[in-house]
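Asker: Here you go, one structure.
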Amino acid sequence: MDKVYDHKHVESKWYSFWENGGLFSPKSGRKYFSIILPPPNANGRLHIGHAMYVIEDIMIRYHRLLGDSTLWLPGADHAGILTQVVYERELEKKGQSRHHLGREEFFKQTYQFTQENKKQMYAQLRAMGFSLDWSREKFTLDTEISKAVYQTFKLLYDDGLIYQGNRMINWCPRCTTVLSDLEVSHTDKTSSLWYIKYPLKDSTDFVVVATTRPETMLGDAAVAVNPNDTRYKALVGKTAVLPLLNRDIPIIADSFVDQEFGTGAVKITPAHDPNDYEIGERHSLPKIQVIGMDDKMTKEAGKYVSADKYATRKQVLADLESQGLVERVERHRYNIGVCERCDTIIEPQISKQWFVAMNKTGKSGKTLAKDALKAVKSGKIKIIPERFEKIYYNWMGNLHDWCISRQIWWGHQIPVWYKEDEVYVGIEPPKGPGWFQDTDTLDTWFSSGQWPFTTLGWGQKDDSDFEKFYPTSVMETGYDILFFWVARMIMLGLYVTNDVPFKTVYLHGLVRDERGQKMSKSKNNVIDPLNVAGKYGADAVRMALVFGTGPGNDTNLGESKIRGMRNFTNKLWNVGRFIIDMKPEKIKPHPKKTKEDEEILEKLKRIKKLVTHGIENYHFGIVAEMLYNFIWHDFADKYVEHSKPRREDSQPILEEVFEEYLRLLHPFMPFITEDLWQRLPNKSGQSIMVSGWPKRN
RNA sequence: GGGCAUUUAGCUCAGUGGCAGAGCGCCUCGUUCACAUCGAGGAGGUCGUAGGUUCAAAUCCUACAAUGCCCACCA
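The first sequence begins at -16 in our numbering and counts up by one.
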């Protein structure tokens, strides 16, 4: 054995040994234990955050050692809008656009692109030592998965829970698609609040309204005041004249209006503001669309037609100014919605889209949000750390309907076909001529929201995996996608399978750099998992990610911590070298035990109990620390030193303690533990992976 | 506007009722003797502030402060 541990000689060798030996596939066992890997987006490489999958591998390897029938199923996500944006950028570099290619060719190329990324990503997962069952690998656009997704759409549609509606939605003018509420991020912005005079009809008086978006006034349908506002009592029911367009608009009373804000009178633009839309509905106001889907003014905007909306803002203000209708301008801080994927400012628009009803009860008697809320409240699903349950309740209790259609090309095309007035919803296209399919695509989270049961073959002829492994045991993922993904999986899982998709949700934190900053290429603080695993070993990276971290808390990871864990692997290696390579020639079989012998055996017993209890209760950070301290300080520093003058006596205990310890450490550091374990007497050729979890006694 | 979290050694963080911990860094000493990617020893903290509960508080409660994050349709 070399004096220094070299992971390069060890890691790929053992991974092939495990994989070729079929050790990642479930064997029959006393219980079922399953985790579905959160599918990474197939539009690039994995980053260090994905290496947090190590927590799943720890659970999986632990349960496999326990003798459970254990499945960890890998896959990848086509990631709708994001992948389309990424691939469009690729095309841009070549001076092309998706419109040059056309829908079919664009889809084909993007598919190819994701398949190449998948290969790279899977190589990265292998390099980290993840014991995934590759024979069951899935992609969200696989034929069988797509069929199941369509089946769910049809179920919801037939149940009255999916509907098409003309409603106010979030429109991204750059992506030219609608977005769900969740895909809109909000950022603070300082801008101006313009006070504009609207002349009263047949009067020389004015009513002054305040607005942050003067260009939308072209679509105004009313001026609203609070019914209790004494200042404006006399004006309600009168008519104002919209400047620039000289259109008559009513002055109405609505309790939504805040008397304290601005002048207490507000312009109402039902077609471009969610609140105004609501007020418009209550007062049957016309919805005048003045901003088109391309962010240019429509013909409703009169002389401003075809102009960009930001240019129009300037022009409108200049025109109002020239007529003396701008009373004053204030500085104003407010919140603006931007596209989560491309940062473009969202334009509220009215548009016909597909929605999933969150709070309506279907003919089946099921109600998506309520049922999903109940599953957690009743304890059928447990969220760790617990504080996220409160956040979940709060979100689940205040849901708007979920818009699931997207005007993009990449993804599952909506399974709805039209012919004249007929609508057909199904899994296969309808027979006969004249049908055309809805051109929209499903929200990517609609398909990933079904991942736990679609991957297990729900509804297929051979659904044995579903029978055995569903509900899955644990869903381990980042807290940042609790709403996007976890909540949707709970809703759709319960709806389709009548059972929860998983029993426990374990949420990990974000991986940040050494000083707690978010990793980004521009800050040059990104850690590439493959790079760093190549340098220090996958075992060291794995250990660094879990060592001393708690669930749901962000983890700060710098190279120094990984280096520290690399030193630990070397320490472990040398303990092994001492026991295995420098074995005494004569060994006494049954020596009298010294005080130190008794002590180390007692400590081993204790740590077995603590490690088992710790893993069962998801305290991975503490367990990692205990394992670290045991071998380094209790075993190497004290016991190994003590054993030196009496090797013939102590060798059996050294071997016994070391052997059991390797099995305890194996879920955390699979490569080095396998390598050392196989060097122990009578172990060669077997795998530590299936050697059984140490008994507690 | 609502909610959540964090605040512990120079740095990064564990620790949730019982004598203050780890990694990295720092200081001193030590390379025949498993390991210098090491060993032995050491310096360094009134556990954000102020109250309270308790035999006992970093840990539970209350208030405050700082920082971060999430959610939200006030023009």
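By construction, the Cβ of each residue, glycine as well, lies at the ideal position given by its N, Cα and C atoms.
#1: Could you check whether the stretch 40 to 53 touches the stretch -6 to 4, counting it as contact only if at least three pairs of C-beta atoms, one from each stretch, sit closer than 8 Å?
#2: Per DSSP, which residues does Tyr407 bridge with? Please list them.
#3: Grab me the residues of Tyr215's own chain with a C-beta within less than 6 Å of its C-beta, minus the 5 sequence neighbours each way, in chain order.
#4: Go ahead and label Pro21 buried or exposed: buried means 16 or more other beta carbons lie within 10 angstroms of its beta carbon, across all protein chains shown.
#5: Using three-state DSSP, classify His625 as helix, strand or coil.
#6: What residue range is occupied by the uninterrupted beta strand (DSSP E) comprising Ile685?
#7: Please report the residue range of the alpha helix (DSSP H) in which Glu304 lies.
#8: Verify whether the separation of the beta carbon atoms of Ala692 and Trp441 is less than 8 Å.
#9: Between which residues of its own chain and Lys451 is the CB-CB distance below 6 Å, once the five residues before and five after are set aside?
#10: Need the endpoints of the beta strand (DSSP E) that Phe485 sits in, please.
#11: Could you tell me which uninterrupted alpha helix (DSSP H) segments, each at least 4 residues in length, are contained entirely in the stretch 294 to 381, listed from first to last along the chain?
#12: Does DSSP put Glu638 in a helix, a strand or coil?
#13: For Asp421 and Ile152, what's the separation of their Cα atoms in angstroms?
#14: Give the straight-line distance between the Cα atoms of Gly263 and Asp326, rounded to the nearest whole angstrom.
#15: Grab me the residues of Trp55's own chain with a C-beta within less than 7 Å of its C-beta, minus the 5 sequence neighbours each way, in chain order.
#16: Can you name the start and end residues of the alpha helix (DSSP H) that Ile473 belongs to?
#17: Between Phe654 and Gly112, which are expected to be in contact by the criterion C-beta below 8 Å, what is the C-beta distance as a whole number of angstroms?
#18: From Tyr478 to Lys349, what distance separates their C-alpha atoms?
#19: Distance check for Leu439 and Asn481, CA to CA, integer angstroms please.
#20: Spatial neighbours of Gly345 within its chain, please: CB distance less than 7 Å, with the 5 preceding and 5 following residues excluded, ordered by chain position.
#21: Within 10 Å of its beta-carbon, does Pro226 have 16 or more other beta-carbons around it, so buried, or fewer, so exposed?
#22: Can you tell me whether Thr97 is helix, strand or coil according to DSSP?
#23: DSSP three-state call for His649: helix, strand or coil?
#24: Whether or not the stretch 374 to 392 and the stretch 414 to 429 are in contact is what I'm after, with contact meaning three or more pairs of Cβ atoms, one per stretch, closer than 8 Å; do they touch?
#25: What are the boundary residues of the beta strand (DSSP E) that Arg710 is part of?
#26: The beta strand (DSSP E) with Tyr15 in it runs from where to where?
#27: Using the beta-carbon count (16 or more within 10 Å), is Arg72 buried or exposed?
#28: For Leu165 versus Cys322, is the C-beta distance shorter than 8 Å?
#29: Candidates Arg150, Pro156, Arg629: which alpha carbon is nearest Pro257's?
#30: What residues in its chain sit with their C-beta under 8 Å from that of Lys137, if we drop five residues either side in the sequence?
#31: Pull up the distance between the alpha-carbon of Asn318 and that of Pro331, whole angstroms please.
#32: For Gly461, which residues does DSSP report across the bridge?
#33: Report yes if the C-beta distance between Gly432 and Met472 is below 8 Å; otherwise report no.
#34: Here's a check: name, in chain order, each residue in its chain whose Cβ is nearer than 7 Å to the Cβ of Phe189, leaving out the five neighbours to either side.
#35: By the 10 Å Cβ neighbour count, where 16 or more other Cβ atoms means buried, how is Val69 classified, buried or exposed?
#36: For the alpha helix (DSSP H) that Phe603 lies in, which residues bound it at each end?
Answerer: With the given structure in hand:
#1: no
#2: Trp400
#3: Val208
#4: buried
#5: helix
#6: Because the chain here runs from -16 to 680, residue 685 falls outside it and cannot be looked at.
#7: 292 to 305
#8: In the structure as shown, the chain begins at -16 and stops at 680. Residue 692 is therefore absent and cannot be evaluated.
#9: Tyr15
#10: 485 to 491
#11: 351 to 360, 370 to 379
#12: helix
#13: 19 Å
#14: 29 Å
#15: Ile18, Leu20, Glu39, Ile43, Ser114, Leu115, Asp116
#16: 471 to 480
#17: 6 Å
#18: 7 Å
#19: 15 Å
#20: Asp142, Gly143, Leu144
#21: buried
#22: helix
#23: coil
#24: yes
#25: Outside the displayed span of the chain (-16 to 680) sits residue 710, for which this structure offers no information.
#26: 15 to 19
#27: exposed
#28: no
#29: Arg150
#30: Pro398, Val408, Gly409, Ile410
#31: 14 Å
#32: His491
#33: yes
#34: Lys180, Tyr181, Pro182, Leu183
#35: buried
#36: 603 to 612
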